[in-house]
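Numbering (this note's numbering), first residue to last: 8 to 359.
Glycine residues also receive a C-beta, built at the ideal position from the N, C-alpha and C atoms.
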Ligand code: SAM
Ligand code: SF4
């Protein structure tokens, strides 16, 4: 569901006199400093846990936000205290000229951290251009180290492209490099130790992510397929000693971080299902069709694309932003009987 409200004034939007000008604070006291932007719903893979089983029906091109609209949104948000942006998708690198968008956003005053989440398949071609355009960090998604399993889950035989992309990213100077592994019971939980051991050889931060009930073939998700991070940690500790790591809250996100002895990298656990971290949530998401969403797992979007295309001024965009932040939900409902799968905003439209 998306809404196109009459554009409110800042004070009506927040329900207060604008008592904290320049700060986006939601009704639960959380300062919003981080925006994740899905630049396309399209992708060159079809991961079962992400893409709908049928279709997918790509969004019409004209409904996707232009680079100019995205950069303008970022400029307005940065003036209100947003300092971190992540580009995601779909696969962000299938969007034409993506390094140009990186260049546009990296030059916005106030943006100190510009990251991207990618499936890595196109990084051999783009890693250097992204670095020189001002991308500061990369997360690459990889769920298995076996080419046959990769083809089974992602539907394309591109494991070697991803691994080549990871090496290209290291060569281009993206280190440490975050590797996102969605752990699914019965599919890849037997590889969690192998992923941790990669940190002995490479400067990787392996991030184990619990399988979430969003996007994908919704019949594919079952609670029994979630392999909780506590079990992952136990498995690793049966083999290896883990040490805690002090992290920079600004860049480490919601994961808890540890490392193997004598390693170059680290491991982190992201526990949206077994141990929600909503109380510290500092982010909102802009979907590929320009809707601002306060929570990955709850419908209720605010329409920025409509505002841009109806000639809104920067001041009106700013007020709409305050309005959207005032509607950010307190928490997701995955573990509640009221939880409903989003039917329209699948993971590839939301960006994870
Ligand atoms: N195409 C890029 C990629 O795969 O990295 C960016 C978009 S993808 C939607 C962003 C992240 O969401 C990926 O790390 C992916 O593994 C994760 N993801 C997708 N569906 C998920 C699910 N059902 N549960 C947990 N993580 C999921
Ligand atoms: Fe594409 Fe990323 Fe979704 Fe896989 S997880 S289908 S690579 S958008």
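In its own chain, which residues sit with a C-beta less than 6 Å from the C-beta of residue i, not counting the 5 before and 5 after it?
i, result
"residue 207", "270"
"residue 163", "52"
"residue 205", "211"
"residue 179", "134, 135, 138"
"residue 35", "337"
"residue 266", "250, 252, 273"
"residue 192", "232, 234"
"residue 315", "76"
"residue 7", "Since the displayed the chain opens at 8 and closes at 359, residue 7 lies outside it and no answer follows."
If I measure Cβ to Cβ from residue i and keep anything under 7 Å in the same chain, skipping five residues before and after, which residues do I get?
i, result
"residue 106", "133, 136, 137, 140"
"residue 254", "264"
"residue 288", "37"
"residue 359", "95, 124"
"residue 150", "160, 188, 189, 195"
With 16 other CB atoms within 10 Å as the buried threshold, where does residue i fall?
i, result
"residue 185", "buried"
"residue 67", "exposed"
"residue 103", "exposed"
"residue 114", "exposed"
"residue 294", "buried"
"residue 217", "buried"
"residue 176", "buried"
"residue 167", "exposed"
"residue 342", "exposed"
If you run the structure through DSSP and keep just helix, strand and coil, what is residue i?
i, result
"residue 139", "helix"
"residue 163", "coil"
"residue 211", "strand"
"residue 32", "strand"
"residue 206", "helix"
"residue 325", "helix"
"residue 148", "strand"
"residue 362", "This structure cannot speak to residue 362, because the chain is shown only from 8 to 359."
"residue 103", "coil"
"residue 69", "helix"
"residue 277", "strand"
"residue 123", "strand"
"residue 301", "strand"
"residue 14", "Residue confidence is low: residue 14 scores 36 on pLDDT, short of 50, so the model does not pin down where it sits. No coordinate-derived value is stated."
"residue 49", "coil"
"residue 343", "coil"
"residue 253", "coil"
Please confirm whether any heavy atom of the ligand FMN lies closer than 7 Å to the CB of residue i.
i, result
"residue 241", "You won't find the ligand FMN in this model; what it holds is the ligand SAM and the ligand SF4."
Please work out which residues of its chain come closer than 8 Å, Cβ to Cβ, to residue i, disregarding the five sequence neighbours upstream and downstream, and give them in chain order.
i, result
"residue 248", "267, 268"
"residue 30", "38, 87, 88"
"residue 281", "217, 233, 235, 236, 237"
Can at least three beta-carbon pairs, one atom from the stretch 310 to 325 and one from the stretch 195 to 205, be found at a separation below 8 Å? Touching, no.
Looking at C-beta atoms only, is the number of pairs between the stretch 293 to 311 and the stretch 332 to 342 that lie closer than 8 Å three or more? In short, these stretches touch, since the Cβ pair count reaches three.
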